[in-house]
Amino acid sequence: MAEGRVVGIDLGTTNSLVAYMQGDTPVVIPGVDGSNLVPSVVALDPMPANGGRPTITVGNSARRALIETPERVIYSVKRLMGRSLEEVRSELKFFPFRLANDAEAGEVPRVQLGELRFTPPEISAYVLRQLKRNAERFFGAPVTQAVITVPAYFNDAQRQATKDAGRMAGLEVLRLVNEPTAAALAYGLDRAKEGTIAVYDLGGGTFDISILKLRDGIFEVQSTNGDTHLGGDDIDNLLLAIALDEIHAEHGVDLRAHPSAVQGLRKAAIDAKIQLSTEPAAHFDIELPNGDRYQREIPREVFEQLIEPVLQRTAAPCKQALADAGIAPGQIDEVVMVGGSTRIPAVLQLVDELFHLSARGKKPHTELNPDEVVALGAAVQADILAGASKTTEEMLLLDVTPLSLGIEALGGTVARIIQRNSTIPASATEHFTTGVDGQTNVAIHVVQGERELAADCRSLARFDLKGIPPMSAGLPRIEVRFLIDADGILQVSAREQRSGKEAQIEVKPTYGLTDEQVESMILESFDHAEEDFAKRLLIEARNEADTILAAVDRAPQNPAWQQLTSDEKTAIGLASDYLKKARRTEDAPAIREATLILDHATRRFAELMMESAVTTAIRGKTMDAAGEELGDEVTAPHPMAPAEFK
Amino acid sequence: MLKVIDSAVPVACWSCSVAHNDATLFCPHCSKIQPPPGSDFFSVFGLAPRLNLDLPELEHEFHRLSRKLHPDRFARAGENEKQWSLADTALLNDAYRTLKDPIHRTEYLLKLHGAEIGEEHSGKDRKDPSRVPADLLEEVFELNMQLEEMRMERATGEPDPELQASLEQAKRKFDGLLDEVDQDLRAQWQAWDEGDIAVRQAAQKTMVALLDRRRYLSNLVRDVTETLGV
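Chains as they are written, first to last, in the numbering used here: chain A, 1 to 646; chain B, 1001 to 1230.
Structure, rendered in structure tokens:
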């Protein structure tokens, strides 16, 4: 049976990537714009006049729409994956998500995007579809199977939601891999065969720490810990809060009342943060609505004092992971750094202290790009699963479940049945009986977490064991088998032992989509059989061409156009004519090449446009009305950060 | 309850139809993966039920079997083989987790031989004086008073350093007692592994008592550690 490639996907909070194994090296597949990172931003284009469904754009173009039509754009949707309405409500304080107003408790919450509503897995599916298309364009062949990474500390519902998103995007998710473990795989390819390594993964919105033992190509995770609400966002928020307070105190302007201005200021804060990783100081210089300028120098020393409490929050999970693995800091042979936030020198310093590195003449590993290493590792795991490569045939990843699995017992306490850090797949068998004569149903409540009371843990599912033959109380003996699979997702089966009857069980996830719901959300049939593939590539190439041609047509109306030199304008005109000619052919690669040329020609224009939009936002001249939609208390991370660090 | 199955029961391989015994993970004839056997954790590793195990060897065998059984090796296999790989690997992992830990291993083996091992004591049971080992009655009584006092002081302000020191000393003492129990348990391992039936039964009885004592002590140590907040 001819089988296509398996790709590795890092579905990130801020950026997403797709990678594959090229021979014995994992490489990231660039998008049509040449960039390795696809911002995890999804935008809904304006409603077409003919009443059809509006087009969805993903990535950098969606990011541009964030300034123009913020109410039709969503980002950081990973924070909503697998979460209940109640949990999502608490996120709203920090993020400008707009929930559909007809949401009901127990339902998967939906976000409002323009006129339409989407569940978080659907939004993620659009990002995945973009990555899938990038890979297909790159290979010139369909891609239908993938490995997707998730934070190690993701619970069952968050994992299931990620898998659902894959299915909606037309991808068979062969495996969910934990992000820090994936990073270890990427490093492990060309590293010593034995040793104990720690992976410190501080991303945009989540923190993970994993301790692994490497031996003969086996990557055995010993323990993992983390915090799903800790990341670079928190640092941005600190800088932003200071700037907002100072602007208020010194200039009497409260920018908090102007959400779009806050978004602009956030971009400046992110730029400052990035600058402080390499420079001794960063500067804010921003024109305010009243014409004043807010100018501020932030020395690195001050920055480091400021972020110390945030960084210290990563220490406790590290210590817990070491304790759970029964390993002293001095026994860690290597530390691998993952996530953009690990570029901050103070983070390196903290990690050095936590694992006594320089004292032992060691340095943390930063050789691989921390933004790409997870995707590269996913590609390695994809290669392992494809099972056809010499490079990875000796490699095997043995991961663990990050959270204990328990059953609610009498009095609301939790009876643990699978401990955290158990190697997965893992199983437990429990026996249940009836409390009343003739009882034919037994209800079981499964939870995930480390707390003593079920109410404090994450409710995973409630099961009804049905069809128990009527017997005296206490006589039936129902065996229930709980199995956590290699993706970290729970499966349940049950049997009544006295009568030998299989008890029928109905698994009601506390939160989640049913199979039928997922089926109905599968993105429109863009995935036809292979014979349609060439046709599809052509349609996609033409769509891309149309998008950029339409943007170029509108360009002269934008004030940024005036800033271009006449040479630049001529180049855009020529490239645009060339693309129009190519678009009339049936040659998809030629159309794509012409699109790429036009994209290059207009790059400076796009940058100018972005800058002026940000300035406009801060000065609050035109964006107020649109900005209201972002919500009042906007302290969100903004994906406008440069896609790649210099 | 766990059962020791008769490893001589033959079953037919789903793939090649050659009969083999039920305890095997792979068909000896065609090497195909088999549905999870009803075997105990020791026989998963091809081991006789013993308490003294060669741990490096156990790890080596765990890795060897993982390479062959893991779902990663069956990502593109048929649905049945996928399911069996999942179930077999879960069995392997459960077995390794249990056997590599000396206490879990001892409890497991004794249960396999019909011993009743006390269930995990809930918070209430721990306070039940009848569960306190007789020789510790007085000390435990005093310790519980001190713990109560400590918790109250914590709730209202800074705890008394003297009380803190006294609790730390108690913790060291109980830690030491735990070590003693572990040594005593190990001493019984050999008796169980190598003795005749009578020796085994005596060892089993001693170990059940030691495990009860151990569970009591470790709960106590956990309480003290939590109260001390270290």
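C-beta: ideal position from N, C-alpha, C; glycine also.
- Neighbours of A486/A across chain B, judged by C-beta separation under 8 angstroms: H1070, P1071, D1072, L1086, T1089.
- With the criterion set as a beta carbon lying under 8 angstroms from some beta carbon of chain A, the members of the stretch 1088-1107 of chain B are T1089, A1090, L1091, N1093, D1094, Y1096, R1097, in sequence order.
- Here V58/A has V42, Y126, V127, Q130 as same chain residues with Cβ atoms under 6 angstroms from its own Cβ, once five neighbours each way along the sequence are excluded.
- In the DSSP assignment, no residue is bridged to A157/A.
- Looking at the DSSP output, T57/A bridges to A43/A.
- About 6 angstroms separates the beta carbons of P180/A and V338/A, which is inside the 8 angstroms limit, making them a contact pair.
- Neighbours of D216/A in chain B, taken as residues at a C-beta separation under 8 angstroms, are given in chain order as H1063.
- In this structure, I489/A sits near R159/A, with a CB-CB distance shorter than 8 angstroms.
- Interface residue (Cβ-Cβ distance to chain A less than 8 angstroms): R1076/B is classified as such.
- Counting only runs of 3 or more residues that sit fully inside the stretch 225-289 of chain A, the beta strand (DSSP E) segments are 281-287, in chain order.
- For T1206/B, the enclosing alpha helix (DSSP H) stretches over residues 1197-1228.
- For A315/A and R300/A, the gap between their C-alpha atoms comes out near 21 angstroms.
- For L11/A, the uninterrupted beta strand (DSSP E) run begins and ends at 6-11, by DSSP.
- For the pair of segments examined, the stretch 171-188 of chain A was found not to touch the stretch 414-432 of chain A: the number of CB pairs separated by less than 8 angstroms stays below three.
- Listed by position along chain A, the residues whose Cβ is nearer than 9 angstroms to that of R1215/B form an empty set, because the closest Cβ is around 15 angstroms away.
- Residue range 293-299 is occupied by the beta strand (DSSP E) that includes P299/A.
- Ranked by how close their Cα comes to the Cα of K132/A, the residues D577/A, K362/A, G170/A have G170/A in first place.
- Distance between R451/A and T196/A, taken at the CA atoms: about 29 angstroms.
- Fewer than three pairs of CB atoms, one per stretch, sit closer than 8 angstroms, so the stretch 1206-1220 of chain B makes no contact with the stretch 1079-1087 of chain B.
- About 6 angstroms separates the beta carbons of L255/A and L265/A, which is inside the 8 angstroms limit, making them a contact pair.
- In terms of Cα proximity to S520/A, the closest of P121/A, L483/A, P280/A is P121/A.
- Counting along the chain, no beta strand (DSSP E) covers N1093/B; the unbroken alpha helix (DSSP H) around it starts and ends at 1079-1100.
- Taken through DSSP and simplified to helix, strand or coil, N421/A comes out as coil.
- Between the alpha carbons of G438/A and P469/A lies a gap of roughly 8 angstroms.
- With a beta-carbon spacing of about 14 angstroms, V32/A and L17/A fall beyond the 8 angstroms limit used to define contacts.
- For F1045/B, the secondary structure class from DSSP, reduced to helix, strand or coil, is coil.
- Not one beta carbon of chain A lies nearer than 8 angstroms to the beta carbon of S1218/B.
- For V1132/B, no beta strand (DSSP E) encloses it, and the DSSP letter there is neither H nor E.
- If you check the CB distance, A1087/B and Q1204/B do not come in under 8 angstroms.
- For a cut-off of 8 angstroms, the C-beta gap from H1063/B to D371/A is around 32 angstroms, too long to register as a contact.
- Neighbours of R1151/B across chain A, judged by C-beta separation under 9 angstroms, do not exist; the nearest C-beta is about 16 angstroms away.
- When the alpha-carbon of R1076/B is set against those of S472/A, R98/A, R5/A, the nearest one is in R5/A.
- Of all residues in the stretch 434-464 of chain A, none has a C-beta nearer than 7 angstroms to a C-beta of chain B.
- From the beta-carbon of S1066/B, the residues of chain A found nearer than 8 angstroms are I218, L396, L398.
- Straight-line spacing of the CA atoms in I218/A and A135/A works out to 29 angstroms.
- The DSSP-derived three-state label of N134/A is helix.
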